[in-house]
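Worksheet: one structure, shown below.
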Amino acid sequence: MNAEHRTNDGHAPATGDGTPGRVWLITGASSGFGRAIASAALAAGDTVVATARRPETLDDLVAAHPDRAVAVQLDVTDTARIADVVADTVLWYGRIDVVVNNAGMGMIGAVEETSDRELRDLMDLHFFGPAALVRAVLPHMRRNGSGAVVQMSSMGGRFTFPGVGAYSATKFALEGLSEALAVEVAPHGIKVLIVEPGSFRTGFAGGGALHQSAALPAYEATVGPVRSDLPGSDGKQEGDPAKAATAILTALDAPDTPLRLPLGNDAADAVLAALDASRAEVLTWEKLSRSTAFED
Ligand code: NDP
Numbered sequence: 003m004n005a006e007h008r009t010n011d012g013h014a015p016a017t018g019d020g021t022p023g024r025v026w027l028i029t030g031a032s033s034g035f036g037r038a039i040a041s042a043a044l045a046a047g048d049t050v051v052a053t054a055r056r057p058e059t060l061d062d063l064v065a066a067h068p069d070r071a072v073a074v075q076l077d078v079t080d081t082a083r084i085a086d087v088v089a090d091t092v093l094w095y096g097r098i099d100v101v102v103n104n105a106g107m108g109m110i111g112a113v114e115e116t117s118d119r120e121l122r123d124l125m126d127l128h129f130f131g132p133a134a135l136v137r138a139v140l141p142h143m144r145r146n147g148s149g150a151v152v153q154m155s156s157m158g159g160r161f162t163f164p165g166v167g168a169y170s171a172t173k174f175a176l177e178g179l180s181e182a183l184a185v186e187v188a189p190h191g192i193k194v195l196i197v198e199p200g201s202f203r204t205g206f207a208g209g210g211a212l213h214q215s216a217a218l219p220a221y222e223a224t225v226g227p228v229r230s231d232l233p234g235s236d237g238k239q240e241g242d243p244a245k246a247a248t249a250i251l252t253a254l255d256a257p258d259t260p261l262r263l264p265l266g267n268d269a270a271d272a273v274l275a276a277l278d279a280s281r282a283e284v285l286t287w288e289k290l291s292r293s294t295a296f297e298d
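Per our numbering, residue 3 is the first one in the sequence shown, and the count goes up by one each step.
This is the structure in structure tokens:
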């Protein structure tokens with residue numbers, strides 16, 4: 003057994019074919035969406051491998067479902083460990099039906115204010131870790147001819163605004179990878195669902211989770227409001243993570259699971275507006291776009 007794990011009684015979970023429901027592997031399950039998705043899956047009768055940097059934060063979840071929940075230590079930027087956690091999950095439960103790349107964090111900073119280190123660290127968390135986890139689970143899902151990959155992106159994975167360019171870059175990268183992935187794995191019976199939440203009441207905007215790059219006075223007018231508004235929204239966001247989790251399960255259960263699912267009134271409004279603006283811009287410049295072919 004490779005992965006350090008915790009269960010209610012400190013023993014390894016039961017192995018074998020009798021695993022009830024679907025088997026989920028969820029990253030960043032200590033709080034917010036990750037915990038809500040784990041709870042919803044357990045309420046649906048499924049089995050959950052909930053991963054977290056500090057697995058003891060999941061003790062209550064495991065205690066409430068000792069036969070169907072296990073907490074496993076995983077920092078998703080530790081890509082070497084990802085393979086061990088996947089191997090152990092398959093060893094214990096025989097398969098992985100749903101993987102949820104959820105772990106993440108907010109970051110505010112103008113592009114010029116964001117250091118190379120900050121950008122690379124966020125790419126590790128939102129892109130390279132999830133990509134490694136997808137690579138590790140796909141052989142098992144292909145062998146079973148079924149499975150689902152849930153990618154927690156953001157409405158900021160579809161459009162962006164001042165102060166969140168780096169955050170959006172990581173989510174755009176995840177969405178680009180996932181769009182191609184969906185077509186590649188569909189013939190193997192595997193679904194890909196990109197989730198694009200708006201503002202939800204999780205730990206995301208709280209002081210401990212949200213990273214802010216060192217501010218330059220030059221960006222006070224454009225990025226300054228975001229630096230105060232996002233933390234100011236903490237605890238007051240409209241979105242309910244439990245309802246988001248229910249919506250994700252509903253979308254996964256549908257025969258025509260969407261590739262992208264915005265969540266929340268703010269996300270639905272903003273994504274529709276961004277799509278309209280994007281289409282209008284292409285149409286405005288269409289003649290110039292089409293003027294670049296050889297004449298022969
Ligand atoms: P939370 O802060 O409540 O949860 C984030 C989770 O990610 C925590 O469990 C945290 O663990 C975990 N995490 C952070 N870094 C790592 C790491 N290196 N390895 C493993 N786990 C890690 O926020 P949310 O639930 O909102 O965030 C979940 C996802 O939702 C993120 O991908 C975020 O980008 C996305 N999202 C959130 C929105 C919102 O408004 N809430 C809007 C759009 C997207 P720990 O407890 O150890 O810190």
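For each residue, glycine too, the CB sits at the ideal point set by N, CA and C.
Rounded to whole angstroms, the gap between the alpha carbons of H213 and I110 is 6 Å.
Proximity of the beta carbon of M125 to ligand 1 is not indicated: no heavy atom of the ligand is located closer than 7 Å. DSSP places H67 in the coil class of the three-state scheme, outside both helix and strand.
With fewer than 16 other CB atoms across the displayed protein chains lying within 10 angstroms of its CB, P141 is exposed.
Counted as a single uninterrupted DSSP element, the stretch harbouring M143 is not any beta strand (DSSP E) but the alpha helix (DSSP H) occupying residues G131 to N146.
In this structure A38 is not in contact with V50, their Cβ atoms being roughly 12 Å apart against a cut-off of 8 Å.
Around E115, the same chain offers S215, A216, A217, L218, Y221 and V225 as residues with beta carbons nearer than 8 Å, after the five sequence neighbours per side are excluded. In summary, R70 is buried, with 16 or more beta-carbon neighbours lying within 10 Å of its beta-carbon over all protein chains present.
Under the three-state reduction of DSSP output, F202 falls in the strand class. Residue environment: A168 is assigned as buried (16 or more neighbouring CB atoms within 10 Å of its CB, all protein chains considered). Going by beta carbons, V194 and L261 fall inside the 8 Å limit. Distances from the CA of I250 to each of T21, M154 and E288 were compared; the closest alpha carbon is that of M154. Where G149 is concerned, the enclosing beta strand (DSSP E) starts and stops at G149 to M154. Looking at P164, G106, T162 and L176, the one whose alpha-carbon comes closest to that of A133 is L176. Excluding sequence positions up to five before and after H67, its CB lies within less than 7 Å of the CB of L44, all in the same chain and listed in chain order. Between the stretch 53-66 and the stretch 264-271 there are fewer than three inter-stretch CB-CB distances shorter than 8 Å, so the stretches are not counted as touching.
Looking at S230, G96, S280 and A31, the one whose alpha-carbon comes closest to that of V139 is G96.
According to the DSSP secondary-structure assignment, G241 is paired through a beta bridge with F202. The C-beta of N267 has fewer than 16 other C-beta atoms within 10 Å across all chains shown, which makes the residue exposed. In the DSSP assignment, W26 falls within the beta strand (DSSP E) that extends over V25 to I28. DSSP places T286 in the uninterrupted alpha helix (DSSP H) bounded by N267 to T286. A distance below 6 Å between beta-carbons, with the five flanking residues on each side excluded, links A247 to the following residues of its chain, in chain order: A38, I39 and A42. By alpha-carbon distance to G149, the top candidate from G191, G158 and M157 is G191. DSSP lists L27 and V72 as the beta-bridge partner residues of V51. In the structure shown, I196 falls within a strand segment according to DSSP collapsed to helix, strand and coil.
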